[in-house]
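In the numbering used here, the protein residues as written are 1 to 293. In this text, a Cβ means the ideal position worked out from N, Cα and C, and glycines have one as well. Here's the structure, in structure tokens; my notes come after.
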């Protein structure tokens, strides 16, 4: 969601309005684009998590299917004939995600092991691929689908899965197994996108390597001006990584740092605006999209 704003700046277009803020003025307000993001949303529907026994911790019951339904409502106000829709959408960029990270967060945060959570990957990736396919069927011609971040570098994971086993960490201080999990998700996603390219040769399907674009934040943070490093959260409730699950950012017992621009990590789960700016630049001007934008 946050990197979307920086992409808008790079393309010199206005920030995309959130869908729920313009539902009564869709035709006039949605001409330059819409942001369908939902805080805490998952790729999989809420039923999956309730069936697994941990639906109670969801921040929202809305998922990727909700966002797709919203898009279809917007489409119905923007164009009526296939030709009109084709003309409109061939000039549009569709960003599908990053999505799926919350699915895994919920599972890991209730104590799931990488082996158990790995079983979710085919379902999560399958949902992302199916949604991308539906967007192309609706007329999308240029679609960007991001992969997952290196979650083993997040303050939340570093705190919740902290261990005395030094071999569990890489040279940047990130958790190896959880980063390997992110890579596995991304590899499966790339395989799915390759199949979509064969199915829809008329569409330009771009993979956005969020993992690769984010690595420098944790490898050379100070070189990027992030003088307080990449692993500790700016806003939190204390501890080695300034993340406390009982005093998360915004809750009693937590407080923000004085200068978020010197941190990569905002609240233990999300990054700072400075970090997202570096990622957006890497995607738009670097080598972290395939094919290039």
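Given residue i as reference, the closest of the options once Cα atoms are compared
{"i": "residue 44", "options": "101, 149, 114", "result": "101"}
{"i": "residue 258", "options": "272, 68, 19", "result": "272"}
{"i": "residue 209", "options": "252, 221, 292", "result": "292"}
{"i": "residue 281", "options": "229, 224, 52, 233", "result": "224"}
{"i": "residue 304", "options": "35, 70, 82", "result": "Only positions 1 to 293 of the chain appear in this structure, which leaves residue 304 out of reach."}
{"i": "residue 241", "options": "119, 159, 84", "result": "159"}
{"i": "residue 255", "options": "270, 236, 63", "result": "236"}
{"i": "residue 63", "options": "99, 51, 119, 221", "result": "99"}
{"i": "residue 178", "options": "213, 108, 74", "result": "108"}
{"i": "residue 94", "options": "25, 16, 163", "result": "16"}
{"i": "residue 38", "options": "65, 157, 72", "result": "65"}
{"i": "residue 194", "options": "144, 238, 84, 219", "result": "144"}
{"i": "residue 20", "options": "82, 81, 92, 67", "result": "67"}
{"i": "residue 200", "options": "84, 81, 284, 132", "result": "132"}
Endpoints, the alpha helix (DSSP H) within which residue i is located
{"i": "residue 134", "result": "121 to 137"}
{"i": "residue 280", "result": "273 to 285"}
{"i": "residue 70", "result": "64 to 78"}
{"i": "residue 159", "result": "155 to 160"}
{"i": "residue 46", "result": "46 to 52"}
{"i": "residue 117", "result": "114 to 117"}
{"i": "residue 193", "result": "176 to 199"}
{"i": "residue 295", "result": "Since the displayed the chain opens at 1 and closes at 293, residue 295 lies outside it and no answer follows."}
Cβ-Cβ distance between residue i and residue j below 7 Å
{"i": "residue 192", "j": "residue 125", "result": "yes"}
{"i": "residue 264", "j": "residue 217", "result": "yes"}
{"i": "residue 190", "j": "residue 207", "result": "yes"}
{"i": "residue 40", "j": "residue 60", "result": "yes"}
{"i": "residue 137", "j": "residue 204", "result": "no"}
{"i": "residue 155", "j": "residue 33", "result": "no"}
{"i": "residue 140", "j": "residue 181", "result": "no"}
{"i": "residue 58", "j": "residue 69", "result": "no"}
{"i": "residue 212", "j": "residue 161", "result": "no"}
{"i": "residue 188", "j": "residue 121", "result": "yes"}
{"i": "residue 231", "j": "residue 262", "result": "no"}
{"i": "residue 238", "j": "residue 245", "result": "no"}
8 Å contact criterion, which residue i and residue j should meet: CB distance rounded
{"i": "residue 186", "j": "residue 250", "result": "Between residue 250 and residue 186 the Cβ distance is about 30 Å, and since that is not below 8 Å, they are no contact."}
{"i": "residue 54", "j": "residue 117", "result": "Not confirmed; about 12 Å, so no contact."}
{"i": "residue 214", "j": "residue 149", "result": "5 Å"}
{"i": "residue 74", "j": "residue 26", "result": "6 Å"}
Element boundaries [beta strand (DSSP E), containing residue i]
{"i": "residue 142", "result": "142 to 146"}
{"i": "residue 204", "result": "204 to 208"}
Residue i Cβ short of 6 Å to the ligand ATP heavy atom set
{"i": "residue 185", "result": "The ligand content of the structure shown is nil, which means the ligand ATP is not present either."}
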